[in-house]
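One structure is given here, and the rest of the page talks about it.
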Amino acid sequence: MTVKNFPLSEPVLQALQTSLSPERFSTYLRASGGHQEKALRLYTRNTALSAAFYGPLQGLEIAVRNALHRELTARFGPAWYDNRLTGLNPKAQDQILRAKRDVQREHRQADPPHVVASLSFGFWVALLGKGGNSNYEMILWRPALAKAFPHARLGRKQAH
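Residue numbers (the numbering used here): 81 to 240.
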């Protein structure tokens with residue numbers, strides 16, 4: 081989408097501003113010194129920039145997810161997310177339950193490939209975190225997850 085695709089009359093600018101929501105559009109208006117057409121150009125540039133990041137981020141998500149899943153499977157078994165020895169914190173357990181329900185709602189078996197694919201990137205990033213009351217450093221990172229980054233000399237904090 082570019083500004084060139086629209087005749088930018090005052091009614092069109094007002095309709096776009098309303099459609100984007102005044103709160104969201106106000107960010108762009110401030111950045112453009114209150115000039116509506118410039119604000120819309122900023123908005124469309126931001127949209128294009130966001131779209132440019134989508135593919136690489138999707139690739140990163142899949143690579144991280146698959147690497148972490150591989151190491152957790154090696155350590156705790158294929159359905160590692162059901163193994164109490166993982167010490168997953170309550171938030172992670174809730175996310176897994178939701179993923180299983182979502183998979184089953186789509187009339188699929190809640191097996192590891194489907195469950196793992198249904199977990200958000202945020203879930204995988206959180207596994208690299210402290211784990212709250214769970215000690216992810218000792219339970220997950222050292223025995224399993226560090227192996228997902230074989231060429232990196234970094235600790236859990238840096239990976240997170």
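No residue lacks a Cβ here, since even glycine has one placed at the ideal position from N, Cα and C.
Remember, it's a predicted structure, so these values are computed and weren't measured experimentally.
query	result
When 105, 227, 129 are compared against residue 118, the one with the closest alpha-carbon	105
For residue 189, three-class secondary structure by DSSP	coil
Closest residue to residue 200 among 174, 213, 94 (Cα-Cα distance)	174
Closest Cα partner of residue 124 within the set 136, 109, 137, 135	109
Residue environment, residue 161, which counts as buried when at least 16 other CB atoms sit within 10 Å	buried
Residue 90 - containing alpha helix (DSSP H), residue span	90-100
Residues near residue 213 in its chain [Cβ-Cβ closer than 8 Å; skip 5 each side]	169
Closest Cα partner of residue 171 within the set 196, 202, 195	202
Beta carbon of residue 196 nearer than 8 Å to that of residue 149	yes
Three-state secondary structure (DSSP) of residue 202	helix
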